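J.: If you read the sequences in order, they're chains V and X.
Per this note's numbering, the very first residue in the first sequence carries number 253; after that it's consecutive.
Per this note's numbering, the very first residue in the second sequence carries number 283; after that it's consecutive.
Ideal Cβ positions, reconstructed from N, Cα and C, are used throughout, including at glycine.
Fair warning: this is a prediction, and the values are worked out from it, not measured in the lab.
Sending over a structure as structure tokens; questions will come in a sec.
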Amino acid sequence: MSIRTEIHKQNIVKIFNPKSIAVVGTNNVKGTVPYDILFNILKTEFTGIVFPVSPGEKSICSVKAYKYVVDINDAVDLAIIVFPNTVCHMALEQCGQKGIKGVVIISAGFKEVGEKGLEREKQLKQIAEKYDMSIIGPNCLGIINTDPNINLNASFARKMTEQGSIGFLSQSGALCTAVLDYALAKHIGFSKFISFGNKVDISEIDLIYYLMEDDKTKVILLYLEEVTDGRALMKAARDVTSLSGKPVLLLKAGRTEAGASAAASHTGSLAGNDEIYDAAFKQAGIIRCDNIEEMFNIAIAFAYQPAPRSNKVAIITNAGGPGVLTTDAAIHDGLQLAKFSEETTREFRKCLPANANIKNPVDVVGDAHADRYNIALNGAFREDDVDAVFVILTPQSMTDIETIAKEVVKVSKQYLKPVYASFMGEADVAAGVDILLRNKIPHYILPESMCRSFSRVYRFYRDIDINPHPQRIYTDVDTKTVHSILNEAIKNNHLYLPEDEAVSILKIYGFPVVSSKLATSPDEAALVALNIGFPVVMKIMSDDIIHKSDAKGVVLNINSVEEARNTYSAIIEQVLQIMPEARIKGMQVSEMILSGEEVILGIKRDPSFGPIVMFGLGGVYVEVFKDISLRVAPIDEIIADSMIKQIRSYKILQGIRGKAPRDIAAIRECLIRLSQLALDCPQIKELDINPLIVLEETKGCYVTDARILLNTSTVQ
Amino acid sequence: MEREEIKNRIKKVIAKVLEIDESEISDNANFSFDLGASSFQSIRLVAAFQEEFNIEMDEEKSLEVQTVSEAVDFISTYIT
């Protein structure tokens, strides 16, 4: 842990639990940020002492004001700076002199406005480091702590949020106000609400760790516009999950952002920014959400209800159609309908009307009142096979919505199993929904949202992994030689590593590579082919030709000496017609692997997450089918296995239509070796092994073609 | 116009716009940090200086002026 991280850890606690606050730069102008911040702190009855610091005023909101923060005689735990950006550094300097360790800078006009603002921000960072202070912001909405022992609303949000167990972190201040308004309407409460703005000092990583240890927080929500340090974010999320069991939900803006304009390799093209984010978040156990609504749908499920033991649910409905819809959605999201015991069925048969469906989904029929829901709820909760209950209601003329809502609340409190509700509609069900939400029953207008939210919760607890997997390191690798090959190529201004050298590197890293030899004349090609044994493959060798198939530079299945000789000349003729300027070294003659399945393996280097490993169905149509999986290196056997199983074509590898299963273990080993290569060699910007030909189970696999794009700015 | 006279007139304008006592205004006082000028008041100060000295100042540059002595230097360039 770095010294600054350690300092932040101590200071953040004071920031959120201050005994005294100075609002530095406040004024008496109502409706402005400097005034509203102070007013909100006073209005929410902050339990500590507040010191307005305002050079032009004697008092603000009837509280004595100080000209400078250093004029305050008492100790101050937290400073909220609301001065114009041009003088924030002066205020911060005085805060340092005063011994204040925690600071929130609300003021805007820093990094987000360009070079001058960036300079101002750097100045703030220097001052913070000089005095061992920690800063949240600048350019943020502020912070909220709903703990009744603190009652702090140091923000310019319109209203204080309700108390709850959701910790919310946001890079965007404006989104915070929208979220607060949304949450208020749905009685969603927060433990901490933090807008961290430009994160000049304290980052989302520091705050995630703070919320991990905060006993008032059960769920962590994060809104990000940029991921500065992807690996640190992954580690923080993994730590949170494994050490505290708290889920991290993330909404990342910019899904549609265009990736690198012209990718040079298949991996580069297939592993777009958003695909990498998706893979990295999944790998770190982060629950990625598509929008605010989905984020809160899942958040309330985590915050309000216990963890389900399994995915077996009981559905209770007063309408057949919605019951079927819910069943469809549940099955679609990987849930199972629980089976009722004979005892439960007997009870339902006895107590529910004859036309009721007494099997799961239980239909208590359209004219049901609360008593029927009571019977169905109790029966479902008591049933051993049921681990969660879904309550569906449609508002008929005789449906007593509020009473049923109260019944759901009352009955569910007697059991430790989760309950979710979908009172379908809007206006008529509003009062009932309000009762559910106030009593922490997660409610969803659509049953599909309910099933999806439950499914995300179930999968989180199912996949929670508290045991780190031992990482296999292959020690039989001569990294020194590999570095010297790569460095030499970079020094010689190669953008791509020559293919024979790329293959050499893979050999050094223990990849099985087909036997091959370079031939520089038709006769030599014929001789090499004879020595390797027919059939052979012939491929053009030229540093100017990256996509050999496109240049008609590959011929398969050459079966005789004569054919080899003729093919040599034919390939050169065809290639020169397409690329007359190409400098041709000769022809690579390789053993032809028969009856294998073609897969692709690759590496890409991402600015936030570092080396990424790719796996997919290979061959010439790889970019058409885009059937790939990605993971951030390093990967272990379990992750490698999940990569292989993730692709849609996995069934092909398992063997279909009489074909024998392929050697999955060999692919797994190649992926782990590739991950090691990616971590060892930052000189590799992108790498494609396409194809890796995979033979039948236990028979291995072979690299037949490889391409390495160099990171020309890196020499090890 | 003498520098001293410009400074005294500037201080009078500041005192009036910010509604503070002229004696509180030191030569190196920062409009926001020492005298409590809000962003709106900073704009009003620029307008009041222009009116006081009957000059038209570059708006962007004038808002970069932060202290009394900087204001004296800046306004002097328009007068002399």
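For a test of the three-state rule: what should DSSP assign to His735/V, helix, strand or coil?
T.: helix
J.: For Glu833/V, which of helix, strand or coil comes out of DSSP?
T.: coil
J.: Chain X beta carbons: is any one of them nearer than 7 Å to that of Pro670/V?
T.: Cβ-Cβ to chain X under 7 Å: no for Pro670/V.
J.: Measure the C-alpha to C-alpha separation of Asp316/X and Gly449/V and round it to an integer number of angstroms.
T.: 27 Å
J.: Give the range of the alpha helix (DSSP H) segment to which Asp752/V is assigned.
T.: Per DSSP, Asp752/V belongs to the alpha helix (DSSP H) from 751–760.
J.: Using a C-beta to C-beta distance shorter than 8 Å, which residues of chain X count as neighbours of Ala343/V?
T.: Phe315
J.: From the beta carbon of Val355/V, is the nearest beta carbon of chain X less than 7 Å away?
T.: no
J.: Note down, in chain order, every chain V residue with its Cβ under 9 Å from the Cβ of Asp312/X.
T.: Per the sequence shown, the amino acid found at residue 312/X is Asn instead of Asp. Chain-order list of chain V residues neighbouring Asn312/X: Pro307, Thr338, Val339, Met342, by C-beta distance under 9 Å.
J.: Could you tell me whether the Cβ atoms of Gln588/V and Asn563/V are closer together than 7 Å?
T.: yes
J.: For the alpha helix (DSSP H) holding Met342/V, just list the boundary residues, first then last.
T.: 340–350
J.: Is any beta-carbon of chain V found at less than 7 Å from that of Ser351/X?
T.: no
J.: Of all Cβ atoms in chain X, is any one closer than 7 Å to the Cβ of Asn279/V?
T.: Interface residue, yes.
J.: Measure the C-alpha to C-alpha separation of Tyr556/V and Ala640/V and round it to an integer number of angstroms.
T.: About 13 Å.
J.: Of all the options Gly785/V, Glu814/V, Ser768/V, which has the alpha carbon lying nearest to the alpha carbon of Met793/V?
T.: Ser768/V
J.: As an exercise, report each continuous beta strand (DSSP E) stretch of at least 3 residues that is fully enclosed by the segment 437–517 of chain V, in chain order.
T.: 441–447, 471–476, 500–504
J.: Mapping the DSSP letters down to three states, classify Arg771/V as helix, strand or coil.
T.: Here the sequence assigns Ala to residue 771/V, which means Arg is not the residue at that position. The answer is strand: DSSP assigns Ala771/V an E or B state.
J.: Hey, would you say Gly854/V sits closer than 7 Å to Thr519/V, going by beta carbons?
T.: Yes, Cβ-Cβ distance for Gly854/V and Thr519/V is below 7 Å.
J.: Does any residue of chain V bring its CB to less than 7 Å from the CB of Ser320/X?
T.: yes
J.: Please report the straight-line C-alpha distance between Ser881/V and Phe867/V, rounded to a whole angstrom.
T.: 5 Å
J.: Determine the extent of the alpha helix (DSSP H) in which Val765/V is found, giving its start and end residues.
T.: Taken as a continuous stretch (DSSP letters only), Val765/V belongs to no alpha helix (DSSP H), as it is neither H nor E.
J.: Where does Ala406/V sit, in a helix, a strand or coil, going by DSSP?
T.: strand
J.: Since Phe976/V meets chain X, which of its residues come closer than 8 Å, beta carbon to beta carbon?
T.: The structure shown has nothing for residue 976/V, since chain V only spans 253 to 968.
J.: Beta strand (DSSP E) containing Val884/V: first to last residue?
T.: 880–884
J.: Report, in whole angstroms, the separation of the C-beta atoms of Asp329/V and Ile273/V, which I expect to be a contact under 8 Å.
T.: Correct: roughly 7 Å between the Cβ atoms.
J.: Short of 7 Å Cβ to Cβ, which residues in the segment 295–306 of chain X face chain V?
T.: Leu300, Ile302
J.: In this structure, how does DSSP classify Ala628/V when only helix, strand and coil are distinguished?
T.: Assigned with DSSP and collapsed to three states, Ala628/V falls in helix.
J.: Secondary structure at Tyr954/V, three-state DSSP: helix, strand or coil?
T.: strand
J.: Name, in chain order, the residues that DSSP records as bridge partners for Arg959/V.
T.: DSSP lists Asp940/V as partners of Arg959/V.
J.: Which of helix, strand or coil does DSSP assign to Asp329/V?
T.: Secondary structure of Asp329/V (DSSP, three-state): coil.
J.: Three or more C-beta pairs closer than 8 Å, one from the segment 887–897 of chain V and one from the segment 559–574 of chain V: is that the case here?
T.: no
J.: Between which two residues does the beta strand (DSSP E) carrying Gly785/V extend?
T.: Counting along the chain, Gly785/V falls outside any beta strand (DSSP E), and DSSP gives it neither H nor E.
J.: Jot down the residue ranges of each uninterrupted alpha helix (DSSP H) in the segment 309–337 of chain X, minimum 4 residues, whole runs only, in chain order.
T.: 321–335
J.: What is the DSSP secondary structure of Arg285/X, counted as helix, strand or coil?
T.: Residue state for Arg285/X is assigned as helix, using DSSP reduced to three classes.
J.: Quick one: what's got a C-beta closer than 6 Å to Val302/V's C-beta in the same chain, skipping five residues either side?
T.: If we look at Val302/V and ignore the five residues flanking it on each side, its Cβ neighbours are Ile273, Ile293.
J.: Using 8 Å as the Cβ pair cut-off and three pairs as the minimum, do the segment 812–828 of chain V and the segment 767–786 of chain V touch?
T.: The segment 812–828 of chain V is in contact with the segment 767–786 of chain V.
J.: Can you tell me whether Ser513/V is buried or exposed, with buried defined as 16 or more other CB within 10 angstroms of its CB?
T.: The predicted position of Ser513/V is uncertain, since its pLDDT is 43 and thus under 50; a value taken from the coordinates is nonetheless stated next. With fewer than 16 Cβ atoms within 10 Å of its Cβ, Ser513/V is classed as exposed.
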